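With this note's numbering applied, the sequence shown covers 1 to 599.
Here a beta-carbon is modelled for each residue, glycine too, at the ideal position from N, C-alpha and C.
Because the structure is a prediction, the values reported are computed rather than measured.
These notes are about the structure you will find just below.
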Amino acid sequence: MPGAFDFSHPPFDALTPVERSELIRQIDIEYHAAGSTIIEAGSPMLALYVVMKGLVTGGVDHDVPIAEHELFDGKALLEGRCAHAFSAREDTLLWCIPREAILQLSQRNTTFAAYFYQDVARRMAELSPSPHQLSQATLMLTRVRDACASPVFYLPADASVLDAAQMLQARHVSSVLIQTAQGCGIFTQSDLCQLVSQGLVPATTRAADHASFRLHTVEPDATLHQAMILMMRNGIHRVLIAQNGEISGVLEQLDLLACLANNPHSLGVQIERASSIDELKQVSARFTPLIQLLQHSGMKVTLIAELIGELRQKLLAKLFALLAPAGMLEQVCLLALGSEGRGEQILRTDQDNALIIADGYEHPELTSVCAQFNATLLALGYPPCPGQIMISNPAWRLSVSGFKQQIDAWTYSPDSEQLMQLAIWIDGTAVTGNTTLLYELQSHLKRWLDGNTSFMAHFARAIEQFPSPLGLFSRLLTHADDHLLDLKKGGIFPITHGLRSLALEAGIEPRNSYLRLAALSGGTVISHSLAQDLAETLSFLQGLQLKYGLQAQAAGRQAVNLIDPTQLTALERELLKDALGVVKQFRTLLRHHFKLDQL
């Protein structure tokens, strides 16, 4: 029976085959009837227990359920004494691992030992959920229709090589099709290079005379594996996607490889090539599957946010460029605000954007363009901002002089609403247009804030807006009505706003919270060790936000920041308590630094 121990769960998944064999020889099994006490509070902790079957309750929160494959109490094991009682809620079988066996393994295996660390940053860095890598074989079964294909562009039979070269450059593609009486031929960048090297004159040489009329095609339902085999078999770099004789796209070798490598670059290429709103909608629909793939493959949440943030800003820039008439982009600057501006938003959330307009610039279509921009984002799945912080709202579509007046209003006699609007503005990042307009406004704000300690204290006070969800004895506190915990209000916001406040005070320019933290680390306020704890804490909280947000979306619900702590694994609950403890420490530091008790 002990040989049936499941090593696929943390921290045991970190053990080597030899270490697993050693552990199996020392594992025992205990039976506890429903209602019986397993460990009494204050008793010696002589073994680590893992639930084989049944249900255990106890620990710091007294009634936290510990289900199959979950262990208790790791921290007490190192201390040698258990501070809290544990009991069997139902008939329960436990794997019992001697304390000495765990200590010996911890000395040899640092990843295994990390589960029992007291150091928050080390625990979180080591114990983030293990990656579940998708196999290359699975990706090879992806359908061609789901890959990032290039659009098809045609030239007439009498088109010159110069015409072909100009289309290749204008459309950002590597091939065009030539329509002739004998059918379609394909002319590529390789053909162009060969012609130039031969000294032929592009303007007077017909592209059709040097095109290939042996076309290799695959159907949209074919797999990437079949497309790759076709390329390898014929020594070619692209295949045409065709069904019933109708060509719908070109699958390039680079596009195929990018898809197989889980590379978001392919979506970026599609955004750049998009020439219509419908094409942008198709790209936008692929964001969530990409996020799911990256999260499932174990990519760190900070990297996912960076990649998706870049893609989403490309999408916003392209959308505005498609809507704006000629000459408008030089006179305006589109901003992404809030978490989108910080590059920390992964799942779709409320629209937060603004538009800066050059002083004196007017255009009869400007109002219509802004309304279409927000309406199109709504169609793409981005809900409108409840506070109407969108460019369709005239209050967030102002001239440079108008925004200067607004900044003055936010700062001269600030109330809580004005301060939060300023906080959203401060995280603004230029997406497209004339970025010098933003720089001018940033300089205006900086000149007013220099040395204004009174204002900075009022600005930082927003960290007190929401109570901590961590109570006495590290007990997780939830809403009384729904028993849910708000990750954003209780954990993420105090960190991001605290860092925003410190960065604003210190004149630090980066908008991203991790970059702000790196610039503040080791300074007069945040030590290197606290900076490490804050970085791991923020990453862990955002990781939970993403994981359970994706689960909500998969179940047909809107992704929100609320989680049910009872649905977390034992490991996630322990790390969540560690994380909220770091948030509490940071809030205390901010209260002292900004003298919030004197306001």
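Residue i versus the options, residue with shortest Cα-Cα distance
i, options, result
"G185", "S212, L55, A170", "S212"
"R25", "L538, I97, A531", "I97"
"I247", "Q282, L215, L256, M231", "L215"
"D209", "A181, M228, A227, D221", "A181"
"E30", "T453, L224, V56", "V56"
"H237", "C193, Q189, T205", "Q189"
"E572", "A47, E70, V196", "E70"
"D91", "N109, G54, C82", "G54"
"V51", "M45, D63, I38", "I38"
"V218", "R81, S339, A147", "A147"
"E365", "L377, L590, G381, M328", "M328"
"A554", "A121, C333, V301, L347", "L347"
"G338", "S8, H497, V369", "H497"
"L48", "L517, R206, C82", "C82"
"G471", "G360, L267, L46, L580", "L580"
"Q331", "P469, A170, E362", "E362"
"F86", "S36, F586, R273", "S36"
"Y115", "S197, F12, I66", "F12"
"T223", "I241, P394, Q166, M299", "I241"
"L562", "L319, D486, T376, G543", "D486"
Helix, strand or coil at residue i according to DSSP, with G and I counted as helix
i, result
"P386", "coil"
"V369", "helix"
"A137", "Summary for A137: the model assigns pLDDT 46, below 50, so the residue's position carries little reliability; its value from the coordinates is reported in the next sentence. Helix, per DSSP."
"I27", "coil"
"L155", "strand"
"S399", "strand"
"I463", "helix"
"C193", "helix"
"S501", "helix"
"V583", "helix"
"S475", "Reading off the sequence shown, one finds Arg at residue 475, where the question assumed Ser. Correct three-state label for R475: coil."
"L596", "helix"
"S513", "helix"
"P364", "coil"
"R233", "helix"
Closer than 7 Å: residue i CB and nearest the ligand FAD heavy atom
i, result
"M52", "As for the ligand FAD, it is missing from this structure, which has no ligand bound."
Residues that DSSP places opposite residue i in a beta bridge
i, result
"S87", "T37, T57"
"F72", "Y49"
"N353", "A336"
"G185", "I178"
"G433", "C333"
"W410", "The partner list for W410 (beta bridge, DSSP) is empty, contrary to what the question assumes."
"D486", "L562"
"V301", "Answer by DSSP bridge pairing: none, since V301 is not bridged."
"R591", "Paired residues: none, contrary to the question."
"V218", "I241"
"T223", "R143"
"S8", "DSSP lists no partner for S8."
"W95", "I29, V50"
"S212", "I186"
"S527", "Note: S527 sits in no beta bridge, so no partner."
"V64", "G58"
"S601", "Any question about residue 601 goes unanswered here, given that the chain covers just 1 to 599."
"R206", "S160"
Per-residue burial, residue i [other beta carbons within 10 Å of its own, 16 or more giving buried]
i, result
"S392", "buried"
"Q136", "Note that Q136 scores 46 on pLDDT, short of 50, meaning its location in the model is unreliable and no value can be drawn from it."
"L599", "exposed"
"Y548", "buried"
"S454", "exposed"
"E536", "buried"
"Q133", "For Q133, the pLDDT reaches just 42, beneath the cut-off of 50, and the residue's location in the model is therefore unreliable, although a value from the coordinates is still provided. The residue is exposed, with fewer than 16 neighbouring Cβ atoms inside 10 Å."
"H32", "buried"
"T429", "buried"
"L334", "buried"
"G199", "exposed"
"D578", "buried"
"A203", "exposed"
"L378", "exposed"
"A14", "buried"
"P17", "exposed"
"P249", "First, the amino acid is wrong: residue 249 is Gly here, not Pro. G249 is buried by the Cβ-count criterion."
"T432", "buried"
"C370", "buried"
CB contact check: residue i to chain C, cutoff 8 Å
i, result
"T111", "Of the protein chains in this structure there is only one, and it is not chain C."
* Asked: What are the uninterrupted segments assigned as alpha helix (DSSP H) that are 4 or more residues long and contained completely in the stretch 239–294, given in chain order?
  -> 253–260, 265–273, 277–284
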